[in-house]
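Enquirer: Got a structure for you, questions after.
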Amino acid sequence: MNRFLPRDQSRSVAVWLFACAVLVFVMVVVGGVTRLTGSGLSITEWKPIMGALPPMNHADWMDAFEKYKAIPQYQQINAGMSLGEFQGIYFWEWFHRLLGRLVGVAFALPFLVFLLMRKLPRRLIWRCGVLLALGGLQGLIGWWMVSSGLSERVDVAPERLAVHLGLALMIFAGLIWVGLEAWSGEEHSRSPEGWSRGAALMWGAVFVQCLLGALVAGAKAGFVYTDWPLMNGAVFPPADWGKGALTFLHDQALVQFNHRIWAYGLLIAGTVYAVQAWRWRLAEGLGTSAIVLAVALWLQAALGVVTLIHAVPMWLGGLHQAGAALVLLAATVNLWLVRRSQPRLFMSGPRSMGL
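For the sequence shown, the residue numbers in this note's numbering are -10 to 344.
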């Protein structure tokens, strides 16, 4: 056995990874609040080290405020804002970035300690290394997103917001997955290919819906067409195709329509998947995890409708973003369970389902 692999599983490593996942979850929620409060552009510089502290005196606050006054968001949206109001939005963006730094430290330092103490199973070393690299990339993506709103726009580009949120959710799911691997140890059994493919498709569909939701948020499409099930009395209000391909990313009507339609398809697919999984029950807990996923999808959809018809108040918008992460959590756990399940076929097998 390799000296880095005292045993195949490590509960301490799993707890560390799950704790990091909780921090990422909190960061995702705070990121949603930052967006809803219009705080994301309040810090106009990227200082990974020196920016850890907020302005410490009145002169520093005025300097930060003057830099904010130079960007289009202040000039076109918040002209006349007081220093106190600026400090209010500054706090959310600073707190969001502080959480990012905290996640980096909470992951990187224990990672090195586990390596030095030879407590990290060898098969998980490269996976944790990838997660660390993705965390560093997320910082760069975050600034790339913010920079899109500092010169010509009054907000960040929706597609960059979707990339930023998508990467955060990938890291979140990765932490959960590797944590489950560390908790349970290596498992060589695999469920039938059809079920693995079906669970993977469900995960992918949930992830795509999260990205579509990010486009809705970036285009501020949740503040328009707040009726349901129609959109301003129509099935599909006219989209402005003047932006060409960017219409799919920026048009408020189209991005909200896409988010709605994908949600309907996801609800149908998730319900069918749960019914079939419960019917076949390939392993203990497999049917339960599929049902948990389906219930989470329906609750999130209901929450989305309530959030929309109330024109996205901050607490509902934040709750809806938290719900998206929790649905992805359910899809991740379900996929992990399916891929490790011991087949127990009661009838002819699930391959005939075409999942």
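Even for Gly, the Cβ is constructed at its ideal location relative to N, Cα and C.
Since this is a predicted model, take the numbers as computed values, not measurements.
Label Y253 either buried or exposed according to how many other C-beta atoms from any shown protein chain fall within 10 Å of its C-beta, with 16 as the threshold for buried.
Expert: Exposed.
Enquirer: Please state whether DSSP places M106 in a helix, a strand or coil.
Expert: coil
Enquirer: Let's see if you can read the secondary structure: which residues bound the alpha helix (DSSP H) around E170?
Expert: 147 to 173
Enquirer: Straight-line CA distance for L318 to H47?
Expert: 43 Å
Enquirer: Please determine, among K36, L315, P37, Y79, the residue with the shortest C-alpha to C-alpha distance to L30.
Expert: Y79
Enquirer: Flag this pair as yes or no: are the beta carbons of L156 and Q127 separated by less than 8 Å?
Expert: yes
Enquirer: So, at 7 Å on beta carbons, what are the nonlocal neighbours of E175 in its own chain, with the 5 sequence-adjacent residues on each side left out?
Expert: The residues are D(-3), R112.
Enquirer: What three-state label does DSSP hand Y223 in the structure shown?
Expert: One point to set straight first is that residue 223 is Ala, not Tyr, in the sequence displayed. The answer is strand: DSSP assigns A223 an E or B state.
Enquirer: Could you name the residues of the same chain whose beta carbon sits closer than 6 Å to that of V195, not counting the 5 residues immediately before and after it, in chain order?
Expert: V316, L317, A320
Enquirer: S330 to R186, Cα distance in whole Å?
Expert: 13 Å
Enquirer: Just to confirm, is the Cβ distance from V384 to C9 under 8 Å?
Expert: Only positions -10 to 344 of the chain appear in the structure, and residue 384 is not among them; the question remains open.
Enquirer: May I have the straight-line CA-CA distance separating L98 from A162, to the nearest angstrom?
Expert: 20 Å
Enquirer: When you compare each of F75, G207, V2 to M106 by their alpha carbons, which one comes out closest?
Expert: With distances taken between Cα atoms, M106 lies closest to V2.
Enquirer: Report the residue from W5, L164, C199, F100 whose alpha carbon sits nearest the alpha carbon of A311.
Expert: When only C-alpha atoms are compared, the closest one is C199.
Enquirer: With DSSP run on the structure shown, which of helix, strand or coil describes F304?
Expert: Strictly speaking, residue 304 in this sequence is Trp, with Phe absent from that position. In this structure, W304 counts as helix in the three-state DSSP scheme.
Enquirer: Please report the straight-line C-alpha distance between V13 and I160, rounded to a whole angstrom.
Expert: Distance from the CA atom of V13 to the CA atom of I160, rounded to whole angstroms, is 8 Å.
Enquirer: In three-state DSSP terms, what is M45?
Expert: coil
Enquirer: Around the Cβ of P339, are there at least 16 other Cβ atoms within 10 angstroms (buried) or fewer (exposed)?
Expert: Legend: pLDDT at P339 = 44, less than 50; position of this residue unreliable, no value from coordinates given.
Enquirer: From the DSSP output, in three-state form, read off K36 for me.
Expert: coil
Enquirer: Quick one: Cα of G69 to Cα of S140, how far?
Expert: 19 Å
Enquirer: Determine the direct distance from the alpha carbon of G211 to that of A300, and round the result to whole angstroms.
Expert: 7 Å
Enquirer: Which same chain residues end up closer than 7 Å to A228 when comparing Cβ atoms and leaving out the 5 residues on each side of it in sequence?
Expert: Answer for A228: T236, D240, A242, L243, listed in chain order.
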